[in-house]
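Below you'll find the structure, written out as structure tokens, and then a few comments.
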Amino acid sequence: IKEDFEIIDKKQLPDPAELKNEEKQKAAEEARWSAPILSLAKKASENLALSYGNALKSASLVGFISKPVSNDSTAKTSARCHAMEERANLMNMMKLSIKTLIQSALSLGRTLDSDFPPLQQFFVVLEHCLKHGLKVKKTFIGQNKSFFGPLELVEKLCPEASDIATSVKNLPELKTAVGRGRAWLYLALMQKKLADYLKVLLDHKHLLSEFYEPDALLMEEEGAVIVGLLVGLNVIDANLCLKGEDLDSQVGVIDFSLYLKETQDSDGKQDGGITAVLDQKHYVEELNRHLSCTVTDLQNKIDCLEKTNSKLQEELAAATDRIGSLQEEQQQLKQQNELIRERSEKSVEVTKEDTKVELDTYRQSRQGLDEMYSDVWKQLKEEKKIRLELEKELELQIGMKTEMEIAMKLLEKDTHEKQDTLVALRQQLEEVKAINLQMFHKAQNAECSLQQKTEAISSFEGKTNEMMSSMKQMEERLQHAEKARQAAEERCNKMKQELAGRLDTCRQQMSQLDSKCSTLEKELKSEKEQRQTLQRELHQEKDATALLKTELEQMEGLKKELRKLQDEKQQLEKVCEEQEQALQEMGLHLSQSKLKMEDIKEVNKALKGHTWLKDDEATHCKQCEKEFSISRRKHHCRNCGDIFCSTCSSNELALPSYPKPVRVCDTCHTLLLQRCSSNSS
Numbered sequence: 001i002k003e004d005f006e007i008i009d010k011k012q013l014p015d016p017a018e019l020k021n022e023e024k025q026k027a028a029e030e031a032r033w034s035a036p037i038l039s040l041a042k043k044a045s046e047n048l049a050l051s052y053g054n055a056l057k058s059a060s061l062v063g064f065i066s067k068p069v070s071n072d073s074t075a076k077t078s079a080r081c082h083a084m085e086e087r088a089n090l091m092n093m094m095k096l097s098i099k100t101l102i103q104s105a106l107s108l109g110r111t112l113d114s115d116f117p118p119l120q121q122f123f124v125v126l127e128h129c130l131k132h133g134l135k136v137k138k139t140f141i142g143q144n145k146s147f148f149g150p151l152e153l154v155e156k157l158c159p160e161a162s163d164i165a166t167s168v169k170n171l172p173e174l175k176t177a178v179g180r181g182r183a184w185l186y187l188a189l190m191q192k193k194l195a196d197y198l199k200v201l202l203d204h205k206h207l208l209s210e211f212y213e214p215d216a217l218l219m220e221e222e223g224a225v226i227v228g229l230l231v232g233l234n235v236i237d238a239n240l241c242l243k244g245e246d247l248d249s250q251v252g253v254i255d256f257s258l259y260l261k262e263t264q265d266s267d268g269k270q271d272g273g274i275t276a277v278l279d280q281k282h283y284v285e286e287l288n289r290h291l292s293c294t295v296t297d298l299q300n301k302i303d304c305l306e307k308t309n310s311k312l313q314e315e316l317a318a319a320t321d322r323i324g325s326l327q328e329e330q331q332q333l334k335q336q337n338e339l340i341r342e343r344s345e346k347s348v349e350v351t352k353e354d355t356k357v358e359l360d361t362y363r364q365s366r367q368g369l370d371e372m373y374s375d376v377w378k379q380l381k382e383e384k385k386i387r388l389e390l391e392k393e394l395e396l397q398i399g400m401k402t403e404m405e406i407a408m409k410l411l412e413k414d415t416h417e418k419q420d421t422l423v424a425l426r427q428q429l430e431e432v433k434a435i436n437l438q439m440f441h442k443a444q445n446a447e448c449s450l451q452q453k454t455e456a457i458s459s460f461e462g463k464t465n466e467m468m469s470s471m472k473q474m475e476e477r478l479q480h481a482e483k484a485r486q487a488a489e490e491r492c493n494k495m496k497q498e499l500a501g502r503l504d505t506c507r508q509q510m511s512q513l514d515s516k517c518s519t520l521e522k523e524l525k526s527e528k529e530q531r532q533t534l535q536r537e538l539h540q541e542k543d544a545t546a547l548l549k550t551e552l553e554q555m556e557g558l559k560k561e562l563r564k565l566q567d568e569k570q571q572l573e574k575v576c577e578e579q580e581q582a583l584q585e586m587g588l589h590l591s592q593s594k595l596k597m598e599d600i601k602e603v604n605k606a607l608k609g610h611t612w613l614k615d616d617e618a619t620h621c622k623q624c625e626k627e628f629s630i631s632r633r634k635h636h637c638r639n640c641g642d643i644f645c646s647t648c649s650s651n652e653l654a655l656p657s658y659p660k661p662v663r664v665c666d667t668c669h670t671l672l673l674q675r676c677s678s679n680s681s
């Protein structure tokens, strides 16, 4: 890798006569710089010649000629010398660029922009220094040689540089690695941490060896010297804008015309010495600041370590105390375990003896239980036989009972179904009535809206008639105005012919007539505008009438729907009447079925609850409690089955179980009459 330098003169520089007054103040500094710059130029030309000679040698040795051993050693020594010269040249150029940048910044007030030429040249020289000895990386696209790769390592080694890396990656204008590297250098200089970041890189040379050759500038001692020179740039405040600049396509060529200047008078020597002293002072202050920062960091670390040591000692003492307490607890637990073992062995022996005694008693009791079990088993078999016979009799009785219950349930179901149908029919009646009310209200609302719309149509027709009459009046006014205008023009012509001599008066009259004409024209325009507005209003009213007509058609449709709904209402009323008649018939059937149900219930009660008393069992009347004799004979009540005298059972009634009226007691007679009256109501 060989660095070539080109000397380029600026075309846009001013004339030397104009710059003489400005150059007098900096004569001493320029006199100092002239000698090293000339030496640098000579060395650059020598490097170019050496590189050209090496290229010719390599081209001549490409063929079948074998190299001798002496040539290899000479080539290696020449390459080392060449690398040494390149490093020295770059370091000298770096010194010059930093010096000029600091001095120009101090003279301008220490705030620099991206358009400042010494700053641009500083970045060009720094870029050459970073490119020196870079390894070429081969990829699928081609060969890649950029200094942004080693700069990316700073983010891993120094977490403070993560902000710079993220901001560089987020810039959409940068598309190449060279542009990103230049943006990274700009941001590091603005943060005043360029020297710190490069120092971190130089401390980890094993990582730099992946990107640089062993003879590279950053891998040798010159890199540490350049980092020390860069510390002085912390005096400068740089204000660089990255958005507007095209960092990808900038040409990194060193311009030596900044450093090649004429000698000046010795008036500015004292100023140059003062500036140099100031620069050294600022440099020392920066070094002191860095050292103080490192000292404070180290003191903080020592304090932290002392605190951690004290904490660890306290924890050690606590841990030893815990270990001693745990050992004591372990001994106590061992003693308790031995006691528990002795007790458990004693309890096991006692339990073994108890189990033997229990086994003997169990065997004796089991023999007696077996005998009892055989006797109980025989009794169980006999009881099972008796139970089976009783279950058969029960099943017969349950069958009779279930048949009676089924008949009762069927009758109850019929009554419930008829009641449900009655309720449903009543609900339908109420719904039909509600629908009729809704339809009636809708019809009333529709009639009211019809009346309002007809009134609106009549009012709109009146307005249209008025507008038409006003339009006719306006047209008549227009015709009169045109006639008056024609008459005025005829009069003007006559007056011109007759009064040719009286020009002044005629002119005045003409002006008056012109004013009248203008007023008439204005009136005409206003009338035309009124006419246009009236026509617009007419169109709007026509649209409104069309809308009203559509609404009228809708109202007619609503009337038709009303008629249909009224017809449906009449049909529903007829259906309601028919359903009411059916309901009445159903009510009659239900009342008859209820009477039948009550008769059946009475029969069941008579069958279940009331027993027929025997003649031998009754000696007195149940109601009046008089003794029976030959004159006072016994009579059975056919409803309840009790025995009464002739006076207490003189009534007769028709019962459902008897076809003809039968004797009934007074109490049964009153109860049956009450039931009949309630059923009839």
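Residue numbers (full-length UniProt numbering): 1 to 681. Note that the Cβ used here is the ideal one computed from N, Cα and C, for glycine as well.
{"Query": "Is the segment 542-562 touching the segment 441-451 in the sense that three or more CB pairs, one from each, lie closer than 8 Å?", "Result": "yes"}
{"Query": "Check for me: the beta strand (DSSP E) holding Val664 runs from which residue to which?", "Result": "Pro661 to Val664"}
{"Query": "Compare the Cα-Cα distances from Ala188 to each of Leu171, Lys156 and Leu233 and report the closest residue.", "Result": "Leu233"}
{"Query": "Pick from Ser146, Ser593, Ser470 and Glu210: whose alpha carbon is nearest that of Arg180?", "Result": "Ser146"}
{"Query": "Taking all protein chains shown into account, decide if Ile398 is buried (16 or more other Cβ within 10 angstroms of its Cβ) or exposed.", "Result": "exposed"}
{"Query": "Under the three-state reduction of DSSP, which class applies to Leu672: helix, strand or coil?", "Result": "helix"}
{"Query": "Decide if Arg491 is buried, meaning its Cβ has at least 16 other Cβ atoms within 10 Å, or exposed.", "Result": "exposed"}
{"Query": "How close, in whole Å, do the beta carbons of Leu590 and Thr415 come, if the pair is a contact with beta carbons under 8 Å?", "Result": "7 Å"}
{"Query": "By Cβ distance below 6 Å, which residues in the same chain neighbour Ala177 in space, the five residues on each side in sequence not counted?", "Result": "Ser146 and Phe148"}
{"Query": "Could you check if Asn300 belongs to the surroundings of the ligand PLP, using beta carbon to heavy atom distance under 7 Å?", "Result": "Although the ligand PLP was asked about, the structure shown includes no ligands whatsoever."}
{"Query": "Go ahead and label Trp612 buried or exposed: buried means 16 or more other beta carbons lie within 10 angstroms of its beta carbon, across all protein chains shown.", "Result": "exposed"}
{"Query": "Quickly, what does DSSP pair Ile643 with across the bridge? List them, please.", "Result": "His636"}
{"Query": "So who's on the other strand from His620, going by DSSP bridges?", "Result": "Glu627"}
{"Query": "Are Glu598 and Arg675 closer than 8 Å when you measure CB to CB?", "Result": "yes"}
{"Query": "How is Asp115 classed by DSSP in three states: helix, strand or coil?", "Result": "coil"}
{"Query": "Would you kindly work out how many angstroms separate the C-alpha atoms of Ala49 and Glu86, rounded to a whole number?", "Result": "In this prediction, Ala49 scores a pLDDT of 49, lower than 50, which makes its location untrustworthy; the coordinate-derived value is nonetheless stated afterwards. If you take the alpha carbons of Ala49 and Glu86, they lie about 13 Å apart."}
{"Query": "Apart from the five residues on each side of it in sequence, which residues of its chain come closer than 7 Å, Cβ to Cβ, to Cys241?", "Result": "Ser114"}
{"Query": "Judging by CA-CA distance, which residue of Leu126, Val253 and Thr667 is the nearest neighbour of Tyr186?", "Result": "Leu126"}
{"Query": "From this set, Met84, Pro214 and Leu157, which residue's C-alpha is nearest Lys135's C-alpha?", "Result": "Pro214"}
{"Query": "Identify which residue in Met94, Lys311, Gln509 and Gln120 has its Cα closest to the Cα of Leu247.", "Result": "Gln120"}
{"Query": "Kindly give me the distance between the Cβ atoms of Leu230 and Leu194, rounded to whole angstroms, as I take these residues to be in contact under 8 Å.", "Result": "6 Å"}
{"Query": "How is Tyr212 classed by DSSP in three states: helix, strand or coil?", "Result": "strand"}
{"Query": "Please return the same chain residues whose Cβ sits closer than 6 Å to the Cβ of Ala654, not counting the five positions on each side in sequence.", "Result": "Pro661"}
{"Query": "Does the beta-carbon of Trp184 have 16 or more other beta-carbons within 10 angstroms, so that it is buried, or is it exposed?", "Result": "buried"}
{"Query": "Work out the CA separation of Glu220 and Arg80 for me, nearest whole Å.", "Result": "13 Å"}
{"Query": "How far does the alpha helix (DSSP H) with residue 693 in it reach, from first residue to last?", "Result": "Past the edges of the chain, shown from 1 to 681, lies residue 693, and the structure says nothing about it."}
{"Query": "Where do the N-terminal and C-terminal ends of the alpha helix (DSSP H) with Glu221 fall, by residue?", "Result": "Glu221 to Leu230"}
{"Query": "Just verifying my parser: in three-state terms, what is the DSSP assignment at Asn651?", "Result": "strand"}
{"Query": "Out of curiosity, what's the CA-to-CA distance linking Lys356 and Leu388?", "Result": "47 Å"}
{"Query": "Just reading off the alpha helix (DSSP H) that Trp612 is part of, what are its end residues?", "Result": "Where Trp612 is concerned, there is no enclosing alpha helix (DSSP H), given that its DSSP letter is neither H nor E."}
{"Query": "Just to confirm the assignment, what range does the alpha helix (DSSP H) spanning Gly179 have?", "Result": "Ala177 to Met190"}
{"Query": "According to DSSP, is Leu96 part of a helix, a strand, or is it coil?", "Result": "helix"}
{"Query": "Please name the residue in Ala238, Lys131 and Arg363 whose C-alpha comes closest to that of Ser104.", "Result": "Ala238"}
{"Query": "How long is the line joining the alpha carbons of Phe211 and Leu291, rounded to whole angstroms?", "Result": "31 Å"}
{"Query": "Please report the residue range of the alpha helix (DSSP H) in which Ile164 lies.", "Result": "Ser162 to Lys169"}
{"Query": "For the putative contact between Cys576 and Leu429, defined by C-beta atoms under 8 Å, what is the C-beta separation to the nearest angstrom?", "Result": "6 Å"}
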